Amino acid sequence: MDLLYTRRFDGFCLVSSDSDFTGLALRIREEGLMVLGFGEKKTPEAFINACHKFVPTELLRPVTAQKSERITPEIQESSSEDSPKDFILNALEKICKDGGWTNLANLGNYLTKLKPDFDVRLYGFKSLGAMVKAHKDIFEIEEKSTSDSPAKVLYIRKKLS
Numbered sequence: 232m233d234l235l236y237t238r239r240f241d242g243f244c245l246v247s248s249d250s251d252f253t254g255l256a257l258r259i260r261e262e263g264l265m266v267l268g269f270g271e272k273k274t275p276e277a278f279i280n281a282c283h284k285f286v287p288t289e290l291l292r293p294v295t296a297q298k299s300e301r302i303t304p305e306i307q308e309s310s311s312e313d314s315p316k317d318f319i320l321n322a323l324e325k326i327c328k329d330g331g332w333t334n335l336a337n338l339g340n341y342l343t344k345l346k347p348d349f350d351v352r353l354y355g356f357k358s359l360g361a362m363v364k365a366h367k368d369i370f371e372i373e374e375k376s377t378s379d380s381p382a383k384v385l386y387i388r389k390k391l392s
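Numbering (the numbering used here), first residue to last: 232 to 392.
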């Protein structure tokens, strides 16, 4: 806590799978600082939600260890509220503008706000863009140029029936 009061930091990383750190994470957030959490998948939801972003440490293992634990690169439809497909589509509906289109970065930020431990790597993808591009049956994708950069920006919306 002494470090918090020095006002020299923009954020803190808390590495724990223990719910006892929930209060600390909330206190740091009250000061307007970023809280990044790292812990095992078994970490209590209260601590996960107290962080701005939570990364399961299982994702930080060497690639060879991850391959054996990976789920196939698919976002399955299910009756569960925890289905990544349902989660992404529900979030997309809430933030879409301009005829149902939204910037992929905006969607990614919104997903993290809703569920700090959401990570596409848990579903076998390297990025949200790769996940979206792999599911053209669910999403429509447009790449748009920006006036101030040669890079293209990815826009998506739910595929119209």
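Just so you know, even glycine gets a beta-carbon here, dropped at the ideal spot from N, CA and C. These numbers were taken from a predicted model, which means no experiment stands behind them.
Can you find the residues in the same chain that come closer than 6 Å, C-beta to C-beta, to residue i, ignoring five residues on each side of it along the sequence?
i	result
GLU308	Confidence in GLU308 is poor, its pLDDT being 45 and thus under 50, which makes the residue's placement unreliable; the coordinate value appears in the next sentence. Closer than 6 Å at the Cβ level, and outside the excluded window around GLU308, lie LYS316.
GLY331	ARG388
PRO281	A small fix is needed here, since residue 281 is Ala in this sequence, not Pro. These residues qualify, in order along the chain: THR253, ALA256, LEU257.
GLY268	LEU245, CYS282, PHE285
SER376	LYS383
GLU373	TYR386
Identify, in the order they occur along the chain, each residue of the same chain with its Cβ nearer than 8 Å to the Cβ of residue i, setting aside the five sequence neighbours on each side.
i	result
GLY360	LEU335, LEU385
ASP368	LYS390
ILE290	Reading the sequence as shown, one finds Leu at residue 290 and not Ile. Within the same chain, LEU290 has close Cβ partners GLN297, ASP350, ARG352, LEU353.
LEU320	ILE369, LYS389
THR343	HIS283, LYS284, PHE349
Residue i bridges to which residues according to DSSP?
i	result
TYR386	ASN334, GLU373
GLY242	MET265
SER358	Answer by DSSP bridge pairing: none, since SER358 is not bridged.
LYS328	TRP332
SER380	THR377
Please go through the same chain and pick out, in chain order, the residues whose beta-carbon is closer than 7 Å to the beta-carbon of residue i, but skip the five residues on each side of it.
i	result
LEU235	ILE259, GLU262
ILE326	THR333, ASN337, LEU338, TYR341
LYS272	PRO287, GLU289
ILE279	GLY268, PHE285, PRO347, ASP348
SER358	VAL351
PRO293	none
SER310	Any reading at SER310 is ruled out, since the residue's pLDDT is 38, under 50, leaving its predicted position unreliable.
Roughly how far, in whole angstroms, is the beta-carbon of residue i from the beta-carbon of residue j, given that I think they are within contact range, below 8 Å?
i	j	result
LEU338	LEU323	6 Å
ASP233	LEU264	ASP233 to LEU264, Cβ: 14 Å. No contact.
SER250	GLY270	In fact, because the Cβ distance is near 10 Å, the residues do not count as touching under 8 Å.
Beta strand (DSSP E) runs contained entirely in the stretch 259-292, provided each spans 3 or more residues
265-270, 284-287
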